[in-house]
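Here is the structure we will look at, set down as C-alpha cells.
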C-alpha cells in the first residue's frame, strides 16, 4: 500500500502520532533526537491550550493567544513531519492508518486522540447545549452570549428577555466553576456598561452539579471555598441535582424545578475519542483504550495510547488516570524515552504518575489550589491560589508570544475591569424562535 503523498521514507522506524493535544505534542518533542521519523496527524494545524478555552468564551482572551501551529512549535525538529488530516481507521494487519487524505504506513502507532464531550446518549441535549472542547466551541459560546443580549434589546416580554439573560451551566468541575465565575464578573463589571437598557439584576447564573460537592477530586476545603465564593458572586449553585431534559428553552431538573434559558453550557463530562480498527476488547467503558504500564494497547505490540484516550488501571486509579493535562504530559514524555529504549533493545520503564495537584479559579483574587510540592500538600485559597493559578497557566502555555499576550491581557483586565474582545465574528448558536411579532419591543 502507498503511504501519504510527499512523506519521504527516511529508512528509519516511523512513529505515527494521531492527535496533537498535550500527550501527542509532548511525545513528538520527546522524540526530537531519536533515530525515528515522527509523523503527526491532526484535523487542526495547531495545538490548543484547553484549560483557557473558557477565557476565550468569556471575552478575556483572543483565540490566537492559546493556540500555536504545530509547524511553528516543531518546525526546527529535523525528524518531524505534520499532515493536516483526520484519522479514520487503523488496519493493524497492514500497519497503515486510513486518513482523510490517504493511507499512512507506520512502524509504531501512538493514539493520542483525546476526549470528546459526553452527553450520555441524550441526543436532544447534544442538539441544544453548547459544549466547550475546542476553539470553535469557545468562539460560538462568546458569540451566542453577546447575540442573546443584542436580541434581548428587541423584545418586550420579560420572560423571554430573562431567557436570553439567564445561563445554566451543567457540571461542577473546574470548567463549570470557572465559566460560572467568569460570567459573574462580566455581569458585575462589563455587561451593564455595554447594554445599559437591560437590567442585569435579572441575569441569573445557575450551576448544576449532580453530586454533593463542587470540584470532585479536590480537597473538601477547596470544594467548600469554591461553593462559598460562587454564592458570594451571586451564582445559584444546585447540588445533588441532575438535568433531566432541555429543549432549548426549558431546563427540567431531577428535583422537579424548571429553569428558563436559551443558553445551556454543558461541562458535565467527557468520553474517549477512539478510532475504528482495533479489537473491541481493548476498549473499556468510557471509550478509553486499556493499556499496560508502558501505555501499550492491550493485545498489540507496536500500538500505544497516551493521554485521555488511555486507561492505565491500577489500585490507585481503577478507571485509569484523571483525564487532565498532567498525566497526558507525563505519559508523552515517558513514551518518548521508552520508544528509544525499545529501539536500543533495552527494557522500557513503567509509568508512574506524579500528581502535582489541581487548581481552579473562580474570579478576581479568588481561586483554590491543592498543590503537591516536595512531598508536601499545600491548600491555597483566595489571592495566593489565584496568583499561583495564573503563574502556572502562563508558564504552561506553548510559545513565548502566547505567554506575553496572555500576561498583558490579564494585567490590563485586572487594572481596568475591561474585557475588550466583545465582538461577534463567526458561528452563533441561534436560539429557538419563541417570540411572536407581538412580543417585539416598539423601537
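In my numbering, the protein residues as written are 778 to 1220.
C-beta: ideal position from N, C-alpha, C; glycine also.
- Query: Does the ligand GDP have a heavy atom nearer than 7 Å to the CB of residue 886?
  - Reply: In terms of ligand content, the structure shown is empty, and the ligand GDP therefore cannot be addressed.
- Per DSSP, which residues does residue 1013 bridge with? Please list them. Beta-bridge pairing by DSSP links residue 1013 to 983.
- Message: Pop quiz: residue 955 and residue 1137 are said to be a contact at Cβ under 8 Å. What is the actual Cβ separation, rounded to whole angstroms?
- Response: Going by Cβ atoms, the distance from residue 955 to residue 1137 rounds to 6 Å, so yes, they are a contact pair.
- Return the first residue and the last residue of the beta strand (DSSP E) that residue 792 is part of. Start and end: 791–795.
- Query: Expressed to the nearest angstrom, what Euclidean distance is found between the alpha-carbon atoms of residue 1070 and residue 1061?
  - Reply: Going from the Cα of residue 1070 to the Cα of residue 1061 covers about 16 Å.
- Task: Would you kindly work out how many angstroms separate the C-alpha atoms of residue 971 and residue 944, rounded to a whole number?
- Result: Cα to Cα, residue 971 sits roughly 18 Å from residue 944.
- Task: Can you say whether residue 1057 is buried or exposed, counting buried as having 16 or more other CB atoms within 10 angstroms of its CB?
- Result: By the C-beta density criterion, residue 1057 is exposed, having fewer than 16 other C-beta atoms within 10 angstroms.
- Query: What does a CB cutoff of less than 6 Å around residue 864 pick up in its chain, not counting 5 residues either side in sequence?
  - Reply: Taken in chain order, the residues that qualify are 795, 818, 874, 876, 1052.
- Identify whether residue 1134 lies in helix, strand or coil by the three-state DSSP scheme. Strand at residue 1134.
- When you compare only the Cα positions, how much space is there between residue 1047 and residue 1064? C-alpha separation (whole angstroms): 10 Å.
- Query: Out of 1168, 1205, 1151, 1144, which has the shortest C-alpha to C-alpha gap to residue 1157?
  - Reply: With respect to the C-alpha of residue 1157, the residue from 1168, 1205, 1151, 1144 having the closest C-alpha is 1144.
- Message: Using only the alpha-carbon positions, how far apart do residue 1126 and residue 1092 sit?
- Response: One Cα belongs to residue 1126, the other to residue 1092, and the distance between them is close to 19 Å.
- Task: Taking all protein chains shown into account, decide if residue 890 is buried (16 or more other Cβ within 10 angstroms of its Cβ) or exposed.
- Result: Burial check for residue 890: the Cβ neighbour count within 10 Å reaches 16 or more, so the residue is buried.
- Alpha carbon to alpha carbon, how far is residue 950 from residue 991? Distance between the alpha carbons of residue 950 and residue 991 is about 6 Å.
- Message: According to DSSP, simplified to helix, strand and coil, what is residue 971?
- Response: In the structure shown, the three-state DSSP call for residue 971 is helix.
- Task: Name, in chain order, the residues that DSSP records as bridge partners for residue 1005.
- Result: Answer by DSSP bridge pairing: none, since residue 1005 is not bridged.
- Please say whether residue 1148 and residue 1121 have beta carbons closer to each other than 8 Å? Cβ atoms of residue 1121 and residue 1148: not closer than 8 Å.
- DSSP three-state call for residue 820: helix, strand or coil? Here residue 820 sits in coil by DSSP.
- Message: If you reduce the DSSP assignment to three classes, tell me which class residue 806 lands in.
- Response: Helix at residue 806.
- Backbone secondary structure at residue 928 - three-state DSSP: Helix.
- Can you tell me which of the three DSSP states residue 1035 falls into? Residue 1035 carries a strand assignment under DSSP once its states are collapsed to helix, strand and coil.
- State the start and end residues of the unbroken alpha helix (DSSP H) segment that holds residue 938. Where residue 938 is concerned, the enclosing alpha helix (DSSP H) stretches over 935–942.
- Which class does residue 1077 belong to by DSSP, given the choice of helix, strand or coil? Annotated three-state conformation of residue 1077 is coil, per DSSP.
- Query: Alpha carbon to alpha carbon, what distance is there between residue 1199 and residue 927?
  - Reply: One alpha carbon belongs to residue 927, the other to residue 1199, and they sit about 12 Å apart.
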